[in-house]
Amino acid sequence: MPRLFSYGSLQHAAVQLATFGRLLPGKSDGLAGFELETLQRGGKLLANIRGARPGQRVDGTVFEITDAELLAADAYERADSYARIGVTLMSGTDAWVYVEAASR
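Numbering (the working numbering), first residue to last: 107 to 210.
Structural data, given as structure tokens:
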């Protein structure tokens, strides 16, 4: 099963229900070497992460999801120009995470 790390809206119950049709059980984790930033796109403020100097970290939640749910997450994030990349979390877990496509 794929794992998905969220530092933003995919942690919210309403977004999970709308995107996956269920609430996702998850565990707290972190992503070292990245920092959180806010992007403005149209009238929306969006969370994004970008590679940073050592010592930076982004906290969030890692979820185990199905392949179909990963595709649903792709569609949800693509609407705001995000792309999926593979990362290793501080726990040693490999996961997918979304970043603004232009910042990849």
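Yeah, the Cβ is synthetic: ideal placement off N, Cα and C, and Gly gets one too. As the structure is a prediction and not an experimental result, all values here were calculated from the model.
Distances from the CA of residue 139 to each of 116, 163, 109, 124 were compared; the closest alpha carbon is that of 163. When C-alpha distances from residue 191 are compared across 174, 128, 197, 157, the shortest belongs to 157. Note on residue 112: 16 or more other CB atoms within 10 angstroms of its CB, so buried under the neighbour-count rule. For the pair residue 183 and residue 145, the CB atoms are not nearer than the 9 Å cut-off.
By the Cβ-count criterion, residue 179 is buried, with 16 or more other Cβ atoms from all chains shown falling within 10 Å of its own Cβ.
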